[in-house]
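Since the structure comes first, as structure tokens, the remarks are kept for the end.
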Amino acid sequence: MLQLITRLGIKIEELQEPLRHQQDKRLWKHTTNGQFTVKSACEAIRDQNVEPPWHKFLWSANVHPRTSPIGWKILQKGLYMDDVLTSKKVALASQCCFCKKEAKSFDHLFFNCSLTKRFWELVTSWFCDNKEIKKVFDMMGVCKDRCTLVRGLWKVCTIIGIVSI
């Protein structure tokens, strides 16, 4: 232990003697006043610099600033779809507003519904060889090998498409 303290450059003879007549205090190092808060605990355990893979795709200069927040909420799956409400014990008859065949869920509404499948087929035919889009990651990778202009147009079309759906 002494070797470790010495290696860290701490001189034992310069350390202050602890105060004997005072009780120890607990200090929470993640707040300025040393008090624990739930917010500071959440921020301490949360990965600070982790961005979702679609972050740069959505927040690019090509997408209109009014459209990006709505797209963000959709891509975060922050919309209350019928499957989410049903899982929270809300009783409702769920039906896709386009095809009227399946329950309204995120994946169905944005990627698996017959109408949205046709939409993605049309849009991808403008930019590349009809790639099938089944999830968000498919959408981001469609034009990654194209020039900057085409990638920018693709981003705008997909974000506006998702927001419009």
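For the record, in the sequence shown the residue sitting at position 86 is 86 according to full-length UniProt numbering, with numbers rising by one throughout.
We treat Cβ as the ideally placed atom computed from N, Cα and C, and that holds for glycine.
On the premise that residue j lies in contact with residue i, defined as a C-beta separation below 8 angstroms, what is that separation, rounded to the nearest angstrom?
| i | j | result |
| --- | --- | --- |
| VAL142 | TRP154 | 6 angstroms |
| THR67 | ILE160 | 6 angstroms |
| ASN62 | GLY152 | 4 angstroms |
Tell me the rounded alpha-carbon separation between residue i and residue j.
| i | j | result |
| --- | --- | --- |
| TRP28 | ARG46 | 16 angstroms |
| ILE165 | THR116 | 8 angstroms |
| GLY9 | THR31 | 28 angstroms |
If I follow the unbroken alpha helix (DSSP H) through residue i, where does it start and stop?
| i | result |
| --- | --- |
| HIS55 | 55-58 |
| LEU79 | From DSSP, LEU79 is part of no alpha helix (DSSP H); its letter is neither H nor E. |
| ALA41 | 38-45 |
| THR124 | 114-127 |
| CYS157 | 148-164 |
| ILE5 | 2-7 |
| ASP138 | 136-141 |
Go through its chain and collect everything with a Cβ distance to residue i's Cβ below 7 angstroms, but skip five positions before and after it.
| i | result |
| --- | --- |
| ILE12 | ILE5 |
Could you name the residues of the same chain whose beta carbon sits closer than 8 angstroms to that of residue i, not counting the 5 residues immediately before and after it, in chain order?
| i | result |
| --- | --- |
| CYS128 | VAL142, CYS143 and ARG146 |
| residue 194 | For the chain, the structure presents residues 1 to 165; residue 194 sits outside this window and is missing. |
| GLU43 | HIS30 |
Does DSSP classify residue i as helix, strand or coil?
| i | result |
| --- | --- |
| LYS73 | helix |
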